[in-house]
Amino acid sequence: MRTDEDAMFWDRVADMPAWEAEQELVLRRERVISENEELAPSRRDKGAGLQIMANARLLTQLNERIRYLRKLQDAIQWREAVREVLGDEAVARCLAWQARQYGHKDDRRRQWASRGVARKGAA
Numbered sequence: 011m012r013t014d015e016d017a018m019f020w021d022r023v024a025d026m027p028a029w030e031a032e033q034e035l036v037l038r039r040e041r042v043i044s045e046n047e048e049l050a051p052s053r054r055d056k057g058a059g060l061q062i063m064a065n066a067r068l069l070t071q072l073n074e075r076i077r078y079l080r081k082l083q084d085a086i087q088w089r090e091a092v093r094e095v096l097g098d099e100a101v102a103r104c105l106a107w108q109a110r111q112y113g114h115k116d117d118r119r120r121q122w123a124s125r126g127v128a129r130k131g132a133a
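Taking this note's numbering, the leading residue of the sequence shown gets 11, the next gets one more, and so forth.
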């Protein structure tokens, strides 16, 4: 169940630079983990169990977003390093090479994503 506070948090994180958003997400993840540790002794209680399950869903979302932001930062750092050492032309050649090597994977991801959207829309 998403609360207004959660919605505001995700909106605020979406507007932050990647490194700052990652820090916010890690802090939120640590708070959720500590909350789960506090709830663990009473997990047989239905309310505590439901809260632990909700926290598990939130942890999954946080971890996915952190992983995405770290990959994004790695890609940015890689481009900056290639640009600094080899120049803009080298970056363009590297991106073209990546598109040739891995374009089929991106096409497959887009195809799978469009199927997911179609399924959600049909439901």
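Here a beta-carbon is modelled for each residue, glycine too, at the ideal position from N, C-alpha and C.
- Message: For a test of the three-state rule: what should DSSP assign to Arg54, helix, strand or coil?
- Response: The count along the sequence shown starts at 1 and reaches residue 54 at position 44. Three-state result, Arg54: coil.
- Item | Coil, strand or helix - Gly97 by DSSP | For the purposes of this step, residue 97 is taken as residue 87 along the sequence shown, with counting starting at 1. Coil, per DSSP.
- Query: Which stretch, first to last residue, makes up the alpha helix (DSSP H) that contains Met18?
  - Reply: Position 8 of the sequence shown, counting from 1, holds the residue named residue 18. Here the alpha helix (DSSP H) through Met18 covers 14-24.
- Message: Using 8 angstroms for Cβ pairs, my map puts Asn73 next to Ile62. What's the rounded Cβ distance?
- Response: Position 63 of the sequence shown, counting from 1, holds the residue named residue 73. Position 52 of the sequence shown, counting from 1, holds the residue named residue 62. At roughly 16 angstroms, the Cβ-Cβ gap does not stay under 8 angstroms, so Asn73 and Ile62 are not in contact.
- Distance between Arg77 and Phe19 (C-alpha atoms, nearest Å): Looking up residue 19 in the sequence shown gives position 9. Looking up residue 77 in the sequence shown gives position 67. Those two C-alpha atoms are separated by around 18 angstroms.
- Query: Helix, strand or coil: how does DSSP classify Ala132 here?
  - Reply: Stepping through the sequence shown from its first residue, residue 132 is reached at position 122. Because the pLDDT of Ala132 is 49, which lies under 50, any placement of that residue in the model is unreliable, and the question is left without a value.
- Message: I need the straight-line Cα distance from Glu34 to Val23, nearest angstrom please.
- Response: As a working note, residue 34 is residue 24 in the sequence shown. As a working note, residue 23 is residue 13 in the sequence shown. So the alpha carbons of these two residues sit roughly 7 angstroms apart.
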